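Residue numbers (my numbering): 7 to 94. Don't be surprised by glycine CBs; every beta carbon is placed ideally from N, CA and C. Computed from a prediction, not measured in an experiment: that's the story for all the values here. Here the structure comes first, spelled out in structure tokens, and everything after it is commentary.
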């Protein structure tokens, strides 16, 4: 493991946690707008349809994937600006 990777690891972990918090908040807001409901359905809740549960899961997965990619890419680019090395 290179020095840049070792330096980046704690930074990347903190960015990942922050990204998870951001993705959760973003998903909750989008779900409220799309479904006009305060909370996404629990997959095991009998009162929710398959379609509603799967739509919520797909939306959540897409939001988390996009936020993770943005945080990872932004973190790596920021790390390079600070250190001059890309954290491969």
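Could you check if residue i is buried or exposed, using at least 16 other CB atoms within 10 Å of its CB as the buried criterion?
i: residue 27; result: exposed
i: residue 67; result: exposed
i: residue 25; result: buried
Considering only their Cβ atoms, is the gap separating residue j from residue i smaller than 8 Å?
i: residue 56; j: residue 46; result: no
i: residue 21; j: residue 77; result: yes
i: residue 17; j: residue 65; result: no
i: residue 85; j: residue 29; result: no
i: residue 12; j: residue 89; result: no
i: residue 62; j: residue 10; result: no
i: residue 40; j: residue 49; result: no
Pick helix, strand or coil for residue i, following the three-state DSSP scheme.
i: residue 45; result: coil
i: residue 30; result: helix
i: residue 51; result: coil
i: residue 90; result: coil
Closer than 7 Å: is that where the CB of residue i sits relative to any heavy atom of the ligand SAM?
i: residue 43; result: Absent from the structure shown: the ligand SAM. Ligands present: none.
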